[in-house]
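The sequence shown begins at 9 in my numbering and counts up one residue at a time.
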Amino acid sequence: MTYSLEINVNDRKNQSKSFVLTNPTSVSRNILYREGFKSSEAFYLPIVQSTPLKTNSGFIGDINKGGPCNVNVLSFCPHSLTHIETSSHITNDQKIKITVKDLEPKLINGLVFLLDCISESAVNNKVLNWEFIRKKLDNLEIIPDILALKTKSSQLPEHYNFSGKNFISLGQKVSKSLTEKYPDIKVLILDLPSADAESDTKLMSHKDFFLFKENQEKENFSKQKAIIELAHFGSLNQDYYFCMMTPTKIETDAMITDILFWNLKAKN
9 MTYSLEINVN DRKNQSKSFV LTNPTSVSRN ILYREGFKSS EAFYLPIVQS
59 TPLKTNSGFI GDINKGGPCN VNVLSFCPHS LTHIETSSHI TNDQKIKITV
109 KDLEPKLING LVFLLDCISE SAVNNKVLNW EFIRKKLDNL EIIPDILALK
159 TKSSQLPEHY NFSGKNFISL GQKVSKSLTE KYPDIKVLIL DLPSADAESD
209 TKLMSHKDFF LFKENQEKEN FSKQKAIIEL AHFGSLNQDY YFCMMTPTKI
259 ETDAMITDIL FWNLKAKN
């Protein structure tokens with residue numbers, strides 16, 4: 009069986025471009041626990057737990073212990089794993105918040121540009137440098153639906169423990185400027201543990217991206233926005249890709265998700 013997936017997008021000159029999707033790569037961090045626990049960790053949050061189900065009727069979900077099948081009860085906090093966040097992470101205002109359940113598929117599946125922020129000039133005082141990012145965005149032929157920022161986090165092991173490291177963050181300047189200058193970018197994918205610094209309890213980078221006050225006053229203000237944290241881009245290079253995400257539709261602020269980046273081949 010053969011199949012072909014294609015997308016058509018318009019560039020800044022409103023000229024149509026066609027691409028064929030090839031060779032998807034997962035940019036989510038995996039979780040291992042059968043032969044020793046391995047997972048990303050952040051903010052000293054509880055690690056993932058997997059426990060065979062036991063019921064009062066005597067059922068046990070563990071074949072090794074005589075059960076008919078394996079049934080595991082999982083316990084985890086999304087915020088230490090590759091996860092997608094919505095505005096309900098930072099507000100309870102029903103007028104302006106949504107949950108993961110409310111995310112529209114067209115929002116989190118689309119053209120993404122992976123922007124390389126690994127160089128020293130991309131970071132200033134532990135936050136990403138807006139001027140570095142702006143110059144790259146201004147030179148793009150196509151403005152993407154989704155922006156992914158690759159930092160030195162993707163050079164670290166996939167199961168790195170960020171707790172207590174005060175790792176670099178997105179920063180309020182980048183968050184606010186993106187919302188002002190590039191309002192069509194409604195999804196951010198970060199390989200960082202958070203858009204805000206580990207010691208920052210005000211979460212202003214989150215708030216400026218989701219709830220920028222000047223945008224709330226506009227008629228076209230959209231609640232359909234998302235931030236993904238703790239992705240891992242590995243050896244992927246700066247380029248355009250097609251992004252596919254599949255978070256479980258739960259009425260909550262954040263949820264773990266797989267993320268696929270498809271390579272794009274220009275169609276003749």
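Just so it is clear, CB atoms sit at the ideal spot from N, CA and C, and this is done for glycine as well. Keep in mind the model is a prediction, meaning the values are calculated, not measured.
Rounded to whole angstroms, how far is the Cβ of residue i from the Cβ of residue j, which I believe are closer than 8 Å?
i      : j      : result
HIS240 : SER162 : 6 Å
PRO32  : LEU268 : 4 Å
GLU259 : LYS109 : 4 Å
LEU198 : GLU237 : 5 Å
GLY66  : CYS77  : Rounded, the Cβ-Cβ distance is 14 Å, inconsistent with contact.
ILE176 : LYS134 : 5 Å
Would you call residue i buried or exposed, if buried means 16 or more other Cβ atoms sit within 10 Å of its Cβ?
i      : result
ASN287 : The structure shown has nothing for residue 287, since the chain only spans 9 to 276.
GLN23  : exposed
LEU178 : buried
ASP153 : buried
LEU200 : buried
Leaving aside the five residues before and after residue i along the sequence, list all residues of the same chain whose C-beta is less than 6 Å from its C-beta, in chain order.
i      : result
GLU93  : ILE235 and ALA262
MET253 : ILE116, THR265 and ILE267
PRO255 : ILE92, VAL108, MET263 and THR265
In its own chain, which residues sit with a C-beta less than 7 Å from the C-beta of residue i, not counting the 5 before and 5 after it?
i      : result
SER171 : GLU49, ALA50, PHE51 and TYR52
PRO54  : CYS85
LEU211 : ILE98 and ASP204
LEU272 : PHE27, LEU29, TYR248, TYR249 and PHE250
GLU112 : GLN232
SER34  : ASP266, ILE267 and LEU268
Rank the options by C-alpha distance to the C-alpha of residue i and give the top, closest one.
i      : options                          : result
CYS125 : ILE104, LYS158, ASN100 and PHE27 : LYS158
LYS105 : TRP270, SER230, ILE68 and THR59  : SER230
LYS275 : THR30, GLN180 and PRO113         : THR30
VAL120 : ASP110, ASN245 and ILE258        : ASN245
LYS184 : TYR168, SER207 and ARG142        : ARG142
ASN174 : GLU206, ASP192 and HIS167        : GLU206
LEU89  : ASN169, ILE151, ASN72 and SER213 : ASN169
GLY118 : SER243, VAL17, ASN133 and TYR11  : VAL17
GLY242 : LYS215, LYS160, GLU188 and PHE45 : LYS160
So, for residue i: in the same chain, excluding its five sequence neighbours on each side, which residues have a beta-carbon less than 8 Å away from its beta-carbon?
i      : result
SER95  : ILE104, LYS105, ILE106, PHE218, LEU219, LYS231 and LYS233
ASP192 : ILE151 and ASP153
ARG37  : SER47, SER48, LEU89, THR90, GLU166, HIS167, LEU238, ALA239 and HIS240
I'd like to know if residue i contacts chain D, where contact means its C-beta is closer than 9 Å to some C-beta of that chain.
i      : result
ASP204 : The structure shown contains no chain D, having only a single protein chain.
* Asked: Which runs of the beta strand (DSSP E) spanning at least 3 residues fall entirely within the region 44 to 103, listed in chain order?
  -> Runs of the beta strand (DSSP E) lying entirely within the region 44 to 103, each at least 3 residues long, are 57 to 60, 80 to 83 and 91 to 93 in chain order.
* Asked: In the region 140 to 202, which residue ranges form an unbroken beta strand (DSSP E) of at least 3 residues, counting only runs that do not cross its ends?
  -> Correct list: 154 to 158 and 195 to 198.
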